[in-house]
Amino acid sequence: MNGPARRVRALPIRARLSLLVAAAVAFAVAAVAVACWFVVKSVLVNSLDEALKANRMDGQQVSKYLNLRTGLCAHDPVTHEENPFGSSVQLVDSKGGSCLIIGTEEVPLTDADRAVAEGTTTDALHQAKGADGGQYRVFTYTVPGLRDVAVSAARPLSEVNSSLSNLALVLVFVAGAGVVGAAAAGLWVARTALRPVDRLTEAVEHVARTEDLGIRIPVEGESEDEIARLSRSFNSMTSALASSRDLQQQLIADAGHELRTPLTSLRTNIELLTRSEETGRPIPEADRKALLASVKAQMTELAALIGDLQELSRPDTGQHAGRAQIVAWQDVVGSALRRARLRGPELTITADVHPWYVRAEPSALERAVVNILDNAVKFSPAGATVDVRLTDGVLTVRDHGPGIPADELPYVFDRFWRSPGARALPGSGLGLSIVARTVQQAGGEVSLARADGGGTTATIRLPGAPTPPPEVP
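Positions 35 to 507 (the working numbering) are the ones given, in order, by the sequence shown.
Right, dumping it as C-alpha cells:
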C-alpha cells in the first residue's frame, strides 16, 4: 500500500488530479454499470416469470395429455416446433411421479413441486437445474377440476443470460469510454485550473532568480475564489517585502549618514592630536582639553546612536514577548523624572503622578519615558517649566519650548527624522521612534501636539488599572 501511495504522491499535481478524476469516474461508472446490470437482470427474470404465469394450461388442455385411469401421459410429448407455450411442461402427480408433455428438456422435481401436486400449496415459483445442466425458472401450479395432479412449466434462463451478456459487453465498452473521456477531461480541467498556479510559480521563481519584488500577478476569478485569494496574498506579500527592503535600505542609508558625522569629527580630532605628537608641536592646553572633551562627547553620541539602532533592530513581537510583566507605571515615571532633573538642573519639573499598572517590558517602558522627558528638557529654555502628569493611564509631558511646526508633526516618529531647527542639537533622531515602538508593543498610543500658549505636549496612553492584579503583591 505504501509503495503505490508513494508513487502517486511522486507524480506531478496535474497527473494526480487527472488520476483522481479518472478513478472517481471509473468508480461511479462501475457502480452504475453493476447496478444497471442487476436491475436489468431482475426485470428480465420477472418478465420470464410473468410469461410462465400467463401461459397457464386449463383442465381441458391438460386432460388430453393425461391418462386418468393409469395416471400416465397419454402420448409422446409435443416438440418445440409444435409447442404453443414456449416452455417445457411436465405433469406431476401426488406420489412424486412426473412425465414430460411439452418440450424436450425435463427438469428434476423439487419438494415445492410435490407440495403443489399434493395440494399443500396452490403454486410454486423457483429456479432449478435441468437434466442438461442449464438453469431454469420453474412455475408449478394446480389445475381446477383435476385432483392429485399439478402442472410444472419451465423456461431456460439462457434467454435472460444471453441478453445480460450482451448488456455487459455494452456496459464495459461505455464504462471504458467514460473512464478514458474522464481522464482526458480531468487532464484538461487540471491544466485549466492550475494555470494561475503556474503563473504564481513562474513569479516566485522569477523573484528567487532576480530578487525583483515589483512583479505582480493579475487577480482573476471571484473575490472569494481560492486562486484569486492566493494571487492577492502573493501580491500583498511581495508588496510587503518590497516595502520592508526599501525601509531596510533607507535605515542603512540613514544610519550610515548619522554615523558618518560623529565618526568624521572624531577622526579629525584624533588626527589633530596624533599630528601634534608626531611633529612635536604641542597643542595649547586649553585647546587640548577642548579636543579631548569633543572626542568624549562624540564617542558618547556614537554609543547612544548604536544603542538606539540595536533597540530598533529588535523584532516587534515574539522574541521579547516573554519579558512583558505587570509594571507600576508611576514608579517608572518617578525613576525617569530623577534622571531628567539631573540632566536639566536649571529647569523646574513638576509632577502629578497617580498609580497605574500596565503590562510592558520595564526597561523598554522606562527608556520610552526617559526619551520623552529628554526631548522636553532639550528643547526647554533655561528657567522654564516642564509639567508631567500621570492620571488614569494617560501620561502627558508639556514643555514651554519653541514647539513643533504643524507641517512637521506627521514625521516626528519617523526613524532618523530631525526637525531642521534641531539638527545642530545632539541626538540621533531615533528617540521618538523607540517611544512609538514601545508604546505600540504595550497596546497603547502616543502622540505629539502643539500646546496652547507655546511648547509641545507629548501624550502616552496605556491600557491598565489603578490597582495591581491579584497575582502582584
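Ideal Cβ placement from N, Cα and C applies to all residues, glycine included.
A contact is defined here as three or more CB-CB pairs under 8 Å, and the region 228-246 fails this definition with respect to the region 198-214. In the three-state scheme derived from DSSP, where H, G and I count as helix and E and B as strand, residue 404 is classed as helix. One alpha carbon belongs to residue 331, the other to residue 499, and they sit about 41 Å apart.
Contact between residue 490 and residue 435 holds, since their C-beta atoms are separated by about 7 Å, short of 8 Å. For the options 412, 363 and 392, the alpha carbon positioned closest to that of residue 374 is the one of 412. In this chain, residue 426 is not harboured by any alpha helix (DSSP H), its DSSP state being neither H nor E. Per DSSP, reduced to three states, the secondary structure at residue 159 is strand.
For residue 175, the closest alpha carbon among the candidates 199, 469 and 91 is that of 91. Residue burial annotation: residue 397 is exposed, with fewer than 16 other C-beta atoms found within 10 angstroms of its C-beta. Look at residue 197 here: in three-state DSSP terms it is helix. At the C-beta level, residue 358 and residue 394 come within 8 Å of one another. Leaving aside the five residues that flank residue 139 on each side, the residues in its chain whose CB is nearer than 7 Å to its CB run, in chain order, 122, 164, 165 and 166.
Rounded to the nearest whole angstrom, the C-alpha separation of residue 504 and residue 470 is 29 Å. A contact is defined here as three or more CB-CB pairs under 8 Å, and the region 167-187 fails this definition with respect to the region 207-226. In the same chain as residue 251, and ignoring 5 residues on each side of it, the C-beta atoms closer than 7 Å to its own belong to 233, 234, 237, 265, 268 and 269, in chain order. If you look at residue 151, you'll find it in the alpha helix (DSSP H) that goes 145-152. Residue 94 has its alpha-carbon roughly 35 Å from the corresponding atom of residue 75.
In the three-state DSSP reduction, residue 166 falls in the coil class, being neither helix nor strand. Cβ-Cβ separation between residue 96 and residue 186: approximately 12 Å, too far for a contact (criterion under 8 Å). For the 8 Å CB-CB criterion, residue 437 and residue 380 do not form a contact. With respect to the 8 Å criterion, residue 82 and residue 189 are classified as neighbours on the basis of their beta carbons.
Ranked by Cα distance from residue 67, the first of 431, 150 and 200 is 200.
Bridge partners of residue 125 according to DSSP: 133 and 185.
In the DSSP annotation of this structure, residue 360 is not part of any alpha helix (DSSP H); the continuous beta strand (DSSP E) holding it starts and ends at 359-362. The secondary-structure analysis by DSSP pairs residue 432 across a beta bridge with 421 and 491. Residue 482 is bridged by DSSP to 492. Per the DSSP secondary-structure output, residue 99 pairs with nothing in a beta bridge. For residue 90, no alpha helix (DSSP H) segment is defined, and its DSSP state is neither H nor E. Secondary-structure assignment with DSSP links residue 386 through a beta bridge to 423.
Ranking 444, 385 and 392 by CA distance to the CA of residue 419 puts 385 first.
Of the residues assessed, residue 447 falls on the buried side of the cut-off, its CB having 16 or more other CB atoms within 10 angstroms. The Cβ atoms of residue 128 and residue 151 lie closer than 8 Å to each other. Of all alpha-carbon atoms in 409, 477 and 53, the one lying nearest the alpha-carbon of residue 222 is that of 53. In the three-state reduction of the DSSP assignment, residue 141 falls in the coil class, being assigned neither a helical nor a strand state.
Within the same chain, 406, 431 and 482 come within 6 Å of residue 492 by CB-CB distance, once the 5 residues on both sides are set aside.
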